[in-house]
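Everything on this sheet refers to the single structure shown next.
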Ligand SMILES: [Zn+2]
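In this note's numbering, the protein residues as written are 4 to 225.
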């Protein structure tokens, strides 16, 4: 992976974040939202949002409750934090930012892009990751096109007690996966889930994917 790939990915996610943020800021803060934000560059107040992921992540995080929480879930906020951290580490510690770091960071940006603009937004990041998914590959097949089957419970906002043994949408990818939660979670999280920031094997490590899943959805396990 070329070090320049990180810059390209940041550029791409910057435009996606800007498209997401602008209308929502305008709606919640009014047309003079740039004055309210009072973002500065070189001592001058910016007139419009730059497609700079660093600035945009900062705005999303600081204005999350009032401007963005209505139209995006907590996973988006988690990913915004992850992208911001990766971007900072990349710019401050560029010499120690490894290929693995880049891959992980671009994976998080890819997922954030999908969450904000749908599956087609992944394409740019897939090219950088060298894992362009084809519609006839196993990844394409697993992408359920059908609407979520009724009877599958969305675990969003629920507790372990409420979901134990139920038919459950995967809390990460929201596909109807679990016939009796939490049975089979490790196989899905390790190998198949498309809702994690770590790539699917062989690029990503199944153990790290399981750890991410367990960490994010600890509250759904007894
Ligand atoms: Zn999943």
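Glycine included, each C-beta is placed from N, C-alpha and C at the ideal position.
These figures come from a predicted structure and were not determined experimentally.
CA-CA distance, residue 195 to residue 24, rounds to 31 Å.
Assigned with DSSP and collapsed to three states, residue 202 falls in coil, not helix or strand. At least one heavy atom of ligand 1 lies closer than 7 Å to the C-beta of residue 175. Rounded to whole angstroms, the separation of the alpha carbons of residue 189 and residue 41 is 46 Å. When only Cα atoms are considered, residue 224 and residue 202 end up about 23 Å apart.
Across the set 164, 206 and 221, the C-alpha of 206 shows the shortest separation from the C-alpha of residue 105. Where residue 34 is concerned, there is no enclosing alpha helix (DSSP H), because DSSP gives it neither an H nor an E. Annotation: residue 216 is outside any beta strand (DSSP E); the continuous alpha helix (DSSP H) that includes it extends over 209-219. Here residue 212 has 192, 193, 199 and 201 as same chain residues with Cβ atoms under 6 Å from its own Cβ, once five neighbours each way along the sequence are excluded. The DSSP-derived three-state label of residue 179 is strand. Between the alpha carbons of residue 37 and residue 43 lies a gap of roughly 10 Å.
A straight-line Cα-Cα distance of about 42 Å links residue 45 and residue 160.
Residue 178 has its CB nearer than 7 Å to a heavy atom of ligand 1. Judged by DSSP secondary structure, residue 131 falls within the alpha helix (DSSP H) whose first and last residues are 126-132.
About 6 Å separates the Cβ atoms of residue 67 and residue 80, confirming a contact at the 8 Å cut-off.
The DSSP-derived three-state label of residue 99 is coil. Of the candidates 175, 187 and 118, 175 places its Cα closest to the Cα of residue 218.
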